[in-house]
Structures are given as C-alpha cells and as structure tokens.
Amino acid sequence: MKYFILATLFLTVISCSESTETYQDPITYLADFPQGSGSYWVYAYYDSLTSTADTVTVSIENHTAENTKLWKYTYTDHTDSLYVKTSGDTLKMSQDSAVEFPRTVIIFPLEKGKSWMHYIYTDSVSAVQDINVLGESKDAFILNENWGAFNDYGQIKRWIVPNLGIVKIRHTGWSFGTANNTWDLLDYHIQEN
C-alpha cells in the first residue's frame, strides 16, 4: 500500500505543470483608431428630447492644421463639424478648429481600468466587451465620459473597436431636462491613412 501511495504521489507531481499562458486584456493604440481621409461611418441616431430618429453619416476630411482632421456629421436636414486632433498618444475632439479646449479627450493606449481627467470631465475605460458589429463578433473598449458642473450633468458611453472606430454611443444628460441620445453603427468604410 505504501508503494501505491508513493507511486500515485510521484505521478501526480510529475504530471502537474504550470501553464505559461495567461490571459491579458486587449490593448489598443492611437494607430488603431481610424483617421484616414475618405473614411465614413453611418449611424442610426435617436434624440429623446425632440423624439427625432435620423441616419447620420460621419465622414473624415483633411484639414489644413497639422495633425487635425475635420469630421463632418451629415444629418437629413443639416451638417455639423468636429475637429479631431492627434498629438502624441492623445486624440482631442472640439468644435473649434484650434482645438484649444477640447470637448472630448481620449488617451491611448486604451486598456481596461485606465482613467484620465480634463476640465470638468472624467474619462475611464470600464470594460472590454464582446459585441456584435454588423453580424461580426468584435472586442470593444467601453469608454465612460462623466461630467457635472452647476446645472449640467451627464455621461457618454462610447464603444470603440480597434481599426473600426466608434461603433455605438449612449449619451445621457441632465440639465433643464433629461436627454438620451443613441448612435448605432449601420455601415462604414475605412480608408487607410
């Protein structure tokens, strides 16, 4: 019996091995965020304040300022623009071409648990989620942008897929009323830089 126990212990010890494979959360870099002129994304858009449903095309155009692109938002009845500037590891979005006071700042690389602040905004990467994007399974980084000052509070959640861009947005704001906007990707075309 003693030999049986020793043999069993010996076989157990030699059959155990430490796995060298460990799971790591994915990371994405600024180079993985599409910025090629000619790229576009088409979204189903809904605004709860006006009860408006629309299709919005966001297209990227060159801009004369260094490292700055013009994002053109084409709605059914109007067009908006946003200036997007890249600097080092940071992407800044602003409605003024100088991009001195950006509304949105995204600092790369994106990885779960990362957070940063700018002005009254706090941003964080809360999770990496497997989502369905136009029939394909993709890993998306969920960015939470929160703000609060005086009578204006809110949160914007953005789902960003590497090499594809922003695929979904949920915007909730509380000011003189509650605003809920949704953006869901319908189509896209990525042009290389």
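What the sequence shown shows, in my numbering, is residues -10 to 182, in sequence order. Think of the CB as a built atom: it goes at the ideal place given N, C-alpha and C, for glycine as much as any other residue. Note that the structure is predicted; figures quoted are calculated from it, not measured.
How would you label residue i, buried or exposed, when you count the other beta carbons within 10 angstroms and need 16 or more for buried?
i: glycine 154; result: buried
i: phenylalanine 22; result: buried
i: alanine 138; result: exposed
i: leucine 123; result: exposed
i: proline 15; result: exposed
i: alanine 20; result: exposed
i: tyrosine 34; result: buried
i: tryptophan 163; result: exposed
i: isoleucine 109; result: exposed
i: serine 70; result: exposed
i: tyrosine 12; result: No answer about tyrosine 12 holds up, because its pLDDT of 48 lies below 50 and its placement is not dependable.
i: serine 28; result: buried
i: glutamate 134; result: buried
Whose C-beta lies closer than 7 Å to the C-beta of residue i among residues of the same chain, with five residues either side of it excluded?
i: tyrosine 64; result: Asp43, Val45
i: alanine 116; result: Lys101, Ile131
i: alanine 54; result: Ser86
i: aspartate 36; result: Asn170
Apart from the five residues on each side of it in sequence, which residues of its chain come closer than 8 Å, Cβ to Cβ, to residue i?
i: serine 104; result: Thr111, Asp112, Ser113, Val114
i: glutamine 24; result: Ile49, Lys58, Val73, Thr75, Asn182
i: asparagine 51; result: Ser26, Lys58, Leu59
I'd like the list of long-range same chain contacts for residue i, defined as Cβ closer than 6 Å, with 5 residues on each side in sequence excluded.
i: aspartate 176; result: Val31
i: leucine 80; result: Ile95
i: isoleucine 158; result: Arg147, Trp172
i: proline 151; result: Thr17, Asp21
i: serine 40; result: none
In terms of residue numbering, what span does the beta strand (DSSP E) encompassing residue i cover?
i: lysine 101; result: Premise fails: lysine 101 is in no beta strand (DSSP E) and is neither H nor E.
i: glycine 124; result: Run containing glycine 124: none; DSSP gives neither H nor E here.
i: threonine 177; result: The identity of residue 177 in the sequence shown is tyrosine, whereas the question assumes threonine. 167 to 178 is the extent of the beta strand (DSSP E) around tyrosine 177.
i: isoleucine 155; result: 154 to 163
i: threonine 93; result: 93 to 96
If you run the structure through DSSP and keep just helix, strand and coil, what is residue i?
i: aspartate 21; result: helix
i: glutamate 134; result: strand
i: glutamine 144; result: strand
i: glycine 27; result: coil
i: isoleucine 109; result: coil
i: isoleucine 16; result: coil
i: threonine 41; result: strand
* Runs of beta strand (DSSP E) wholly within the segment 45 to 88 (minimum 3 residues, chain order) -> 57 to 63, 68 to 76, 79 to 83
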